[in-house]
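Undergrad:
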Amino acid sequence: MILFKCECGAPFPVPAEAAGQTGTCPACGKPCQAPAQSDPDCVLVYKSGWPETGQVITTDALSALVAQGELKAYDLIIHGDEWRPLGDIFEMPEVASVAADEGAGPEIAVNFAELPPIPGHVSLKKSRLRNAWKALVLWQQRQREVKHKPIWQRVCYYLLVLGVLVVGYYAGLGKIINYALGRPCYVIVFNPDDSNYQAKLGRETLPLIANAQVTFQDIYVAATKKGKLTISSEQAPDQIVYNIAVPLSPGLDVAVNPNGKIEFGVYDFRGMTDKSLDAKARQTLISDIVRLRPPIYSSIVLGRLKNMAEEHFQGKKTDPLFTSQQYNFNRMSLSRSVDYTERRKDKKEKPEVFRPTLVKLTPMSFQFKGSSVEYNPAQPEVITGQVFVNMRELNTYTKNKFTAFRPQAALTSADAKKTIADNKLVCGEAKGTAQLRISQNDKRLQLTFDRAIPATVSANGRQHQGNWSFIATLPRDKDQWSWKWTFAGAWNPPKPARGKPAPSKKLTVIIEQANKLTVTEK
Numbered sequence: 097m098i099l100f101k102c103e104c105g106a107p108f109p110v111p112a113e114a115a116g117q118t119g120t121c122p123a124c125g126k127p128c129q130a131p132a133q134s135d136p137d138c139v140l141v142y143k144s145g146w147p148e149t150g151q152v153i154t155t156d157a158l159s160a161l162v163a164q165g166e167l168k169a170y171d172l173i174i175h176g177d178e179w180r181p182l183g184d185i186f187e188m189p190e191v192a193s194v195a196a197d198e199g200a201g202p203e204i205a206v207n208f209a210e211l212p213p214i215p216g217h218v219s220l221k222k223s224r225l226r227n228a229w230k231a232l233v234l235w236q237q238r239q240r241e242v243k244h245k246p247i248w249q250r251v252c253y254y255l256l257v258l259g260v261l262v263v264g265y266y267a268g269l270g271k272i273i274n275y276a277l278g279r280p281c282y283v284i285v286f287n288p289d290d291s292n293y294q295a296k297l298g299r300e301t302l303p304l305i306a307n308a309q310v311t312f313q314d315i316y317v318a319a320t321k322k323g324k325l326t327i328s329s330e331q332a333p334d335q336i337v338y339n340i341a342v343p344l345s346p347g348l349d350v351a352v353n354p355n356g357k358i359e360f361g362v363y364d365f366r367g368m369t370d371k372s373l374d375a376k377a378r379q380t381l382i383s384d385i386v387r388l389r390p391p392i393y394s395s396i397v398l399g400r401l402k403n404m405a406e407e408h409f410q411g412k413k414t415d416p417l418f419t420s421q422q423y424n425f426n427r428m429s430l431s432r433s434v435d436y437t438e439r440r441k442d443k444k445e446k447p448e449v450f451r452p453t454l455v456k457l458t459p460m461s462f463q464f465k466g467s468s469v470e471y472n473p474a475q476p477e478v479i480t481g482q483v484f485v486n487m488r489e490l491n492t493y494t495k496n497k498f499t500a501f502r503p504q505a506a507l508t509s510a511d512a513k514k515t516i517a518d519n520k521l522v523c524g525e526a527k528g529t530a531q532l533r534i535s536q537n538d539k540r541l542q543l544t545f546d547r548a549i550p551a552t553v554s555a556n557g558r559q560h561q562g563n564w565s566f567i568a569t570l571p572r573d574k575d576q577w578s579w580k581w582t583f584a585g586a587w588n589p590p591k592p593a594r595g596k597p598a599p600s601k602k603l604t605v606i607i608e609q610a611n612k613l614t615v616t617e618k
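Numbering-wise, the numbering used here puts 522 at position 426 of the sequence shown, and it's gapless, one number per residue.
Here is the structure:
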């Protein structure tokens, strides 16, 4: 933790990770930058009644509080990254001894022999059976004196009280109880058509846009009942298109699929993040890319990612109604109200019983260890996979030292070697991380990196800072791969002491299949 003062003099703490970052002063509201080390004029002190994390004050304020007697020797202060008593760190003022009260009279001596004896407990009769018998006789005598009402009157009285409670519960008391317990009902309605509608549930009417969904929020009911949902034309509200009976229950989420027109997918995501891609297939694909060979293993890697995703897909559903008792709606766009979110913010969630996840059939992202895939079971021919790549895999190392950028080292043709020698081309080390994206559709299979690869390339003695990019494509109707590496960078000359600086240079390096190399500097 770093302790420092703002320009206004107000001290406050920030986490050690925030060093060098700019924040807002809680006292004056002005921006201030956190230093790398704590200000020696600031200390963190704790005393009874202050926050548990302590309070940051200046050393002058500390001295004043000690002088006023507000801080004692047993209060705590941070010293050497640990809490220590204040008296161990600072010299505390001595507490004046209490003067004896000279006006007090002598203590009265008590002679215990003269005191009367302490009265003991009243002795109880030892026979518990005799006491129990007497209690039973007294109870029977009292029962003879009491006139009991007939049983039918008592039954009617209990039924009347029970009826009043039931009527009151359903009349409004039940809604109040469920509101206090935070158990609202939510209904999400999907529009399967290309027309705009309006949905009405109870007294609330909401617009329902074409191919979209709308959520009825915070519906409080006393107990389970059927709600009438009507979906009518936006232009003619009297023209009802769908009429659906929706189950409403405290704490229940309901998804409405009119006439079962929309396909939903059921997924089991358990154990997904523990799976990883076959290391051999992944390494073979990376090796083909950096050694300028056709990346034929990309289809194998993509197929294995697809199989891993299909293991978590349990099937399609077209039911008209889905409830949270059957499925998990966490991945569904169910918008919650602000009141619901605020009330659940600090509430501990109870561990839920497993329920499969229900999602509208769209491209779904499956996150594995070191890889991911976006897959839609409704369109199995369209799939996009991503494989984590450390850019060090694009380089060659000898004795843990960088020796070559492997795509350049893979150039073996005489023309490529001549181009390297003529331009004095040296490709520097590639660093960082990226995701190798493998995308497939009905037209082509393509490989790219999701971000530019920063590197340095030297040409004719000038170091150009820039980025590498890679793309490989295989058309579906052909069996011939095309791929290339492209570097785009620039060289900015240093400013001379006199005269104009030399013009900057831009460098483009293209490495293609068949050992073809193109270098352009201008």
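Glycine included, C-beta positions come from ideal geometry on N, C-alpha and C.
How close, in whole Å, do the beta carbons of C124 and A106 come, if the pair is a contact with beta carbons under 8 Å?
TA: Position 28 of the sequence shown, counting from 1, holds the residue named residue 124. Position 10 of the sequence shown, counting from 1, holds the residue named residue 106. Right, the Cβ-Cβ distance comes to about 7 Å (below 8 Å), so this counts as a contact.
Undergrad: Which of helix, strand or coil does DSSP assign to L373?
TA: In the sequence shown, counting from the first residue as 1, residue 373 sits at position 277. Looking at L373 - three-state DSSP - the assignment turns out to be coil, as it is neither helix nor strand.
Undergrad: Does the beta-carbon distance from N339 to N307 come in below 9 Å?
TA: Here residue 339 refers to the residue found at position 243 when the sequence shown is read from its first residue. Here residue 307 refers to the residue found at position 211 when the sequence shown is read from its first residue. For N339 and N307, no; Cβs fall outside 9 Å.
Undergrad: Which residue comes first and which comes last in the alpha helix (DSSP H) that contains G264?
TA: One-based indexing of the sequence shown puts residue 264 at position 168. I247 to G264 is the extent of the alpha helix (DSSP H) around G264.
Undergrad: Three-state secondary structure (DSSP) at V194?
TA: Within the sequence shown, the letter at position 98 stands for residue 194. Model confidence at V194 stands at a pLDDT of 48, short of 50, so the residue's coordinates are unreliable; what they give is reported in the following sentence. V194 falls in the coil class under three-state DSSP.
Undergrad: Pull up the distance between the alpha-carbon of G528 and that of K513, whole angstroms please.
TA: Here residue 528 corresponds to residue number 432 of the sequence shown, with the count starting at 1. Here residue 513 corresponds to residue number 417 of the sequence shown, with the count starting at 1. Looking at the two C-alpha atoms, the distance is approximately 28 Å.
Undergrad: Is the stretch 342-350 in contact with the stretch 431-439, if contact means three or more CB pairs nearer than 8 Å?
TA: As far as the Cβ criterion goes, the stretch 342-350 does not touch the stretch 431-439, which means the pair count is below three.
Undergrad: Mind reading off the beta-carbon distance from R427 to V455? Whole number of angstroms is fine, and I expect it under 8 Å.
TA: Your numbering for residue 427 matches position 331 in the sequence shown. Your numbering for residue 455 matches position 359 in the sequence shown. Contact holds; Cβ gap of about 5 Å.
Undergrad: If we ignore side chains and look at the alpha-carbon of each, how far apart do D573 and F583 end up?
TA: Against the sequence shown, residue 573 aligns to sequence position 477. Against the sequence shown, residue 583 aligns to sequence position 487. Spanning the two alpha carbons is a distance of roughly 30 Å.
Undergrad: With burial defined as no fewer than 16 other Cβ atoms inside 10 Å of the residue's Cβ, what is the status of A555: buried or exposed?
TA: Walking along the sequence shown from the start, residue 555 turns up at place 459. Buried, because 16 or more other Cβ atoms sit within 10 Å of the Cβ of A555.
Undergrad: Please classify N403: is it buried, with 16 or more other beta-carbons within 10 angstroms of its beta-carbon, or exposed?
TA: Position 307 of the sequence shown holds residue 403. Exposed is the call here.
Undergrad: Would you say the stretch 554-568 touches the stretch 517-533, given that touching needs at least three Cβ pairs under 8 Å?
TA: Touching, yes.
Undergrad: By the three-class DSSP mapping on this structure, what secondary structure does Y436 have?
TA: Here the question's residue 436 lines up with position 340 in the sequence shown. Three-state DSSP puts Y436 in a helix.
Undergrad: With a cut-off of 8 Å on the beta carbons, I'd call N537 and E448 a contact; round off their distance for me.
TA: Start at 1 with the first residue of the sequence shown, and residue 537 comes out as number 441. Start at 1 with the first residue of the sequence shown, and residue 448 comes out as number 352. The pair is not a contact, with the Cβ atoms about 37 Å apart (cut-off 8 Å).
Undergrad: What residue ranges within the stretch 499-552 form continuous beta strand (DSSP E) runs of no fewer than 3 residues, ordered along the chain?
TA: The qualifying runs are 529-536 and 540-545.
Undergrad: Taking just the CA atoms, how far does T414 sit from T326?
TA: Stepping through the sequence shown from its first residue, residue 326 is reached at position 230. Stepping through the sequence shown from its first residue, residue 414 is reached at position 318. When rounded, the distance between both Cα atoms is 20 Å.
Undergrad: Based on the DSSP output, what are the partners of Q482 in its beta bridges?
TA: Taking the first residue of the sequence shown as 1, we reach residue 482 at position 386. Answer is S468 and R533.
Undergrad: Give, in chain order, every unbroken run of the beta strand (DSSP E) that is at least 3 residues long and sits entirely within the stretch 110-165.
TA: Fully enclosed beta strand (DSSP E) runs of 3 or longer: 118-120, 127-129, 138-142 and 151-154.
Undergrad: Quick check on this structure: which residue in D135, K143 and T515 has the alpha carbon closest to the alpha carbon of T155?
TA: Sequence index remark: in the sequence shown, residue 155 carries index 59 (1-based). If we check each option's Cα against that of T155, D135 comes out closest.
Undergrad: Give the range of the alpha helix (DSSP H) segment to which A405 is assigned.
TA: For this step, residue 405 is matched to residue 309 along the sequence shown. Y393 to E406 is the extent of the alpha helix (DSSP H) around A405.
Undergrad: Under 8 Å: do the stretch 268-280 and the stretch 392-407 share three or more Cβ pairs, one atom per stretch?
TA: The stretch 268-280, when compared against the stretch 392-407, does not touch it at the 8 Å Cβ threshold.
Undergrad: For D546, which option in R558, G481 and L490 has the closest C-alpha, if you only look at C-alpha atoms?
TA: Position 450 of the sequence shown, counting from 1, holds the residue named residue 546. When each option's Cα is compared against that of D546, the closest is G481.
Undergrad: Just to confirm the assignment: which complete beta strand (DSSP E) runs, minimum length 3, are found wholly within the stretch 323-353?
TA: 336-344 and 349-352, all fully within the stretch 323-353.
Undergrad: I'd like to know whether the C-beta atoms of V342 and L297 end up nearer to each other than 9 Å.
TA: Within the sequence shown, numbered from 1, the residue matching residue 342 stands at position 246. Within the sequence shown, numbered from 1, the residue matching residue 297 stands at position 201. Yes. Within cutoff.
Undergrad: Assign R378 to one of three DSSP states: helix, strand, or coil.
TA: Taking the first residue of the sequence shown as position 1, residue 378 is located at position 282. DSSP places R378 in helix when its eight states are reduced to three.
Undergrad: Run through DSSP, which three-state label would N491 get?
TA: Numbered from 1 along the sequence shown, position 395 holds the residue referred to as residue 491. Here N491 sits in strand by DSSP.
Undergrad: With the cut-off set at 9 Å, would you say P624 and E407 are in Cβ contact?
TA: Residue 624 lies beyond the residue range present for the chain, which begins at 97 and ends at 618; the question has no answer from this structure.
Undergrad: Determine the burial state of C138: buried for a count of at least 16 other Cβ atoms within 10 Å of its Cβ, exposed for fewer.
TA: Counting from one through the sequence shown, the residue named residue 138 turns up at place 42. Per the 10 Å Cβ criterion, buried.
Undergrad: Quick check: S509 and K580, are their CB atoms within less than 9 Å of each other?
TA: Along the sequence shown, one-based indexing puts residue 509 at 413. Along the sequence shown, one-based indexing puts residue 580 at 484. Contact: no.
Undergrad: What does a CB cutoff of less than 8 Å around D290 pick up in its chain, not counting 5 residues either side in sequence?
TA: To locate residue 290, count along the sequence shown from 1; it is residue 194. So the qualifying residues of the chain are A306 and N307.
Undergrad: So what does N588 bridge to, in DSSP terms?
TA: Here residue 588 corresponds to residue number 492 of the sequence shown, with the count starting at 1. DSSP output for N588 lists no bridge partner at all.
Undergrad: Using alpha carbons as the reference points, say which of K143, S372 and M487 lies closest to F166.
TA: To locate residue 166, count along the sequence shown from 1; it is residue 70. Checking the sequence, you will find Glu at residue 166 rather than Phe. The option with the nearest alpha carbon to E166 is K143.
Undergrad: Let me confirm a value: T494 is counted as buried when at least 16 other C-beta atoms fall within 10 Å, else exposed. Which label applies?
TA: Here residue 494 refers to the residue found at position 398 of the sequence shown. Result: exposed.
Undergrad: Checking 9 Å against the spacing of the C-beta atoms, do L373 and L532 come in under that value?
TA: In the sequence shown, counting from the first residue as 1, residue 373 sits at position 277. In the sequence shown, counting from the first residue as 1, residue 532 sits at position 436. Cβ distance not < 9 Å, so L373 and L532 don't count as in contact.
Undergrad: For a test of the three-state rule: what should DSSP assign to W229, helix, strand or coil?
TA: If you number the sequence shown from 1, residue 229 lands on position 133. Reduced to three states, the DSSP call for W229 is helix.
Undergrad: Taking the alpha-carbon positions, what's the C104 to F418 distance?
TA: Walking along the sequence shown from the start, residue 104 turns up at place 8. Walking along the sequence shown from the start, residue 418 turns up at place 322. For C104 and F418, the distance between alpha carbons rounds to 59 Å.
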